[in-house]
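*Asks:* To start, I am sharing the structure in question, which I have written as structure tokens.
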Amino acid sequence: MESRIIMKRRFASTEPTKEWLITGIRLVCMFLFLYTAYAKLVDHDRFLKGLSGVHLISGLAVFISWFVPLIEILTFILLLIPYTAKSGLYLFLAMMVVFTGYISGVLLWAKIIPCHCGGVIENLSWTQHLWFNLAFIGLAIIALRLHKSNNQ
Amino acid sequence: MKNFKQIALGLLVGAMAIGFSSFTTAKKFTSVTYYQLSQDNYTKLTSPTGNCDPAQPKTHACTITYASDPGVASFTYSARPSGGSESASKQIWAE
Chain A
1272 MESRIIMKRR FASTEPTKEW LITGIRLVCM FLFLYTAYAK LVDHDRFLKG LSGVHLISGL
1332 AVFISWFVPL IEILTFILLL IPYTAKSGLY LFLAMMVVFT GYISGVLLWA KIIPCHCGGV
1392 IENLSWTQHL WFNLAFIGLA IIALRLHKSN NQ
Chain B
154 MKNFKQIALG LLVGAMAIGF SSFTTAKKFT SVTYYQLSQD NYTKLTSPTG NCDPAQPKTH
214 ACTITYASDP GVASFTYSAR PSGGSESASK QIWAE
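Here the protein sequences line up with chains A and B, keeping their order.
The first sequence: position 28 = 1299 (this note's numbering), numbered continuously.
The second sequence: position 61 = 214 (this note's numbering), numbered continuously.
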């Protein structure tokens, strides 16, 4: 009986921790996407030029140069509003998976291509960038799992 | 109230992201030198005007930027100093 109460108490105490973890991960994801979106829009010409130099996507460079920062801003807005945070996390995860796929493609097929990701993230090497993205994918998955267990 | 707090915190993070982003992006603009095409020559400007002379050959870039100043007032397209970054918007010309 006593152990049951202790178990219940322990479980109850984890709920706010979960909430804080989800909020913390959301805030980190929001910071990342708004930070990079702003850098891409402020220095748009440079971003477009960089995309034009990538052979695989040069035909869609103009479209991508606007689409990516706008989707990043949309993700930020979705993550900002508590009711749409879960959708925002799914969109964030999807975007990060696409970016990681792109980086993996570059690592496989190209040797030297400059990164035009925006801000200080550009200083990372491609391999560091891959790990950076994988870490954020992991964070988004953790937040979604916590979300799911909170709703149950 | 809880949701309001979360939105306020999110907006604070957004403001920080924009502030930090403009801080890290601004460094790139300080050392850039622009040359803009005008009458067969690229002439040095403090900032590009966004328009190029429509009479100029459209195969040439509208502006050429350098991370460090090449130290010349003007040059032709064929004799342009190396290391420049040519404008991606060759098609943008004054109407």
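From the three backbone atoms N, C-alpha and C, an ideal C-beta is built for every residue, glycine too.
If you measure between the beta carbons of residue 240/B and residue 212/B, is that distance less than 8 Å?
*Replies:* Locating residue 240/B in the second sequence gives position 87, counting from the first residue. Locating residue 212/B in the second sequence gives position 59, counting from the first residue. Their beta carbons are not under 8 Å apart, which means residue 240/B does not touch residue 212/B by this criterion.
*Asks:* Take every Cβ of the stretch 160-178 of chain B, pair it with every Cβ of the stretch 1303-1319 of chain A, and state whether three or more of those distances are shorter than 8 Å.
*Replies:* Yes, since at least three Cβ pairs between the stretch 160-178 of chain B and the stretch 1303-1319 of chain A fall closer than 8 Å, the two stretches touch.
*Asks:* Give the straight-line distance between the Cα atoms of residue 1293/A and residue 157/B, rounded to the nearest whole angstrom.
*Replies:* In the first sequence, counting from the first residue as 1, residue 1293/A sits at position 22. In the second sequence, counting from the first residue as 1, residue 157/B sits at position 4. Taking the straight line from one Cα to the other gives about 16 Å.
*Asks:* For the ligand PLP, is there any heavy atom lying closer than 7 Å to the beta carbon of residue 1302/A?
*Replies:* In terms of ligand content, the structure shown is empty, and the ligand PLP therefore cannot be addressed.
*Asks:* Using a Cβ cut-off of 9 Å, pull out every chain B residue sitting near residue 1352/A, in sequence order please.
*Replies:* Here residue 1352/A corresponds to residue number 81 of the first sequence, with the count starting at 1. Under the 9 Å cutoff, chain B gives 156, 159, 160, 163.
*Asks:* Could you tell me whether the stretch 1321-1336 of chain A touches the stretch 1350-1361 of chain A, where touching means 3 or more Cβ pairs closer than 8 Å?
*Replies:* Counting Cβ pairs under 8 Å, fewer than three are found: no touch.
*Asks:* Among the residues of its own chain, which have a CB less than 6 Å from the CB of residue 243/B, if the five just before and after it don't count?
*Replies:* Locating residue 243/B in the second sequence gives position 90, counting from the first residue. Because the pLDDT at residue 243/B is just 49, under 50, the model does not fix this residue reliably, and the value given afterwards should be weighed accordingly. The answer, listed in chain order, is 214.
*Asks:* Look up residue 1358/A in the DSSP assignment and say whether it is helix, strand or coil.
*Replies:* Along the first sequence, read from residue 1 onward, the residue named residue 1358/A stands at position 87. Three-state result, residue 1358/A: helix.
*Asks:* So, are the CB atoms of residue 1350/A and residue 1297/A less than 8 Å apart?
*Replies:* Mapped onto the first sequence, residue 1350/A falls at position 79. Mapped onto the first sequence, residue 1297/A falls at position 26. Yes.
*Asks:* Count the other CB atoms, across all protein chains shown, that sit within 10 Å of the CB of residue 1404/A; report buried if there are 16 or more and exposed otherwise.
*Replies:* Translated into the one-based positions of the first sequence, residue 1404/A becomes position 133. Counting Cβ neighbours within 10 Å, residue 1404/A comes out buried, since at least 16 surround it.
*Asks:* Looking only at its chain, what residues have a beta carbon closer than 6 Å to the beta carbon of residue 1415/A, apart from the 5 residues adjacent to it on each side?
*Replies:* Indexing the first sequence from 1 puts residue 1415/A at position 144. Excluding sequence neighbours, residue 1415/A sits near 1360.
*Asks:* Ignore the nearest five residues each way along the sequence and tell me which others in residue 1367/A's own chain have a CB closer than 6 Å to its CB.
*Replies:* Looking up residue 1367/A in the first sequence gives position 96. Cβ neighbours of residue 1367/A beyond the five flanking positions: 1404, 1407, 1408.
*Asks:* Please compile the residues from chain A whose C-beta is within a distance smaller than 8 Å of the C-beta of residue 261/B.
*Replies:* The requested residue 261/B does not occur in the structure, where chain B is confined to residues 154 to 248.
*Asks:* So, is the C-beta of residue 1371/A closer than 8 Å to a C-beta in chain B?
*Replies:* If you number the first sequence from 1, residue 1371/A lands on position 100. Cβ-Cβ to chain B under 8 Å: no for residue 1371/A.
*Asks:* Indicate whether residue 1353/A and residue 159/B have their beta-carbon atoms separated by less than 8 Å.
*Replies:* On the first sequence, position 82 is the one that residue 1353/A refers to. On the second sequence, position 6 is the one that residue 159/B refers to. Yes; because the gap between Cβ atoms is below 8 Å, this pair is in contact.
*Asks:* Start and end of the beta strand (DSSP E) containing residue 196/B?
*Replies:* Residue 196/B sits at position 43 when you count from the first residue of the second sequence. Start and end: 194-198.
*Asks:* Using DSSP with H/G/I as helix, E/B as strand and the rest coil, what is residue 190/B?
*Replies:* Here residue 190/B is taken as the residue at index 37 of the second sequence, counted from 1. Looking at residue 190/B - three-state DSSP - the assignment turns out to be strand.
*Asks:* Just the C-alpha distance for residue 1323/A and residue 1336/A, rounded to the nearest angstrom, thanks.
*Replies:* Translated into positions along the first sequence, residue 1323/A becomes position 52. Translated into positions along the first sequence, residue 1336/A becomes position 65. The straight-line gap from Cα to Cα measures roughly 9 Å.
*Asks:* Give the range of the beta strand (DSSP E) segment to which residue 216/B is assigned.
*Replies:* In the second sequence, residue 216/B corresponds to position 63, counting from 1. From DSSP, the beta strand (DSSP E) with residue 216/B extends over 216-219.
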